[in-house]
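Numbering (the numbering used here), first residue to last: 57 to 191.
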C-alpha cells in the first residue's frame with residue numbers, strides 16, 4: 057500500500073511512502089497417485105506367472121460371475137505380488153511429464169552449473185534434454 061505525503065524539506069515533490077502488503081503463503085498442494093512398476097522386466101515376470109497357472113480350474117466353475125471373480129482375483133494377486141502398487145505424491149502445478157527422475161537430473165544440472173563444472177553441466181544438460189524429449 058502506498059500513501060502520498062507532503063513534500064520533505066525544501067523539495068517541490070510530494071513524498072510517497074510504500075509499505076509491503078501481506079502476502080499469502082504459497083500452498084504447495086499435492087495429490088496422491090497410485091502407480092505400479094510397469095517396466096518390461098516386471099511385465100515379463102507377470103507373464104511367466106500367468107503362464108504357469110493351470111487355467112483348466114476355470115472350467116470347473118459353472119457360474120459366469122464366479123468364473124470372472126476367480127479370474128480377476130488371480131490376475132490381481134499376481135500383480136500385487138510382482139508389481140505392488142505404490143502411492144506417490146505429485147505437486148498439482150507440475151506438468152504431467154515432470155517425473156521424479158527428471159526433477160533429480162535437473163537438480164544435478166543446476167548443482168553442476170553452480171559448482172562451475174562444465175563437463176558435468178553438459179552431461180546433465182544433455183540428460184535433461186533427452187528425458188524431456190522422450191516423454
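The C-beta atom is built at its ideal place from N, Cα and C for all residues, glycine as well. These numbers come from a predicted model, not from an experiment.
In the DSSP output, what is residue i paired with across the bridge?
i, result
"residue 178", "None, per the DSSP bridge assignment."
"residue 58", "74"
Between which two residues does the beta strand (DSSP E) harbouring residue i extend?
i, result
"residue 66", "No beta strand (DSSP E) contains residue 66, which DSSP labels as neither H nor E."
Using the C-alpha atoms, what's the distance from residue j back to residue i?
i, j, result
"residue 151", "residue 141", "22 Å"
"residue 147", "residue 111", "43 Å"
"residue 189", "residue 101", "29 Å"
"residue 109", "residue 159", "41 Å"
"residue 60", "residue 149", "39 Å"
"residue 68", "residue 57", "23 Å"
According to the neighbour-count rule (16 or more other Cβ atoms, all chains shown, within 10 Å of its Cβ), is residue i buried or exposed?
i, result
"residue 165", "buried"
"residue 180", "buried"
"residue 72", "exposed"
"residue 89", "exposed"
"residue 161", "buried"
Got a sec, what are the start and stop residues for the alpha helix (DSSP H) residue i sits in?
i, result
"residue 116", "113–116"
Tell me the start and end of each unbroken beta strand (DSSP E) in the segment 62–108 that is at least 3 residues and wholly inside, in chain order.
71–74, 86–91
List, from N- to C-terminal side, the beta strand (DSSP E) runs of 3 residues or more that fit wholly inside the segment 132–167.
142–147
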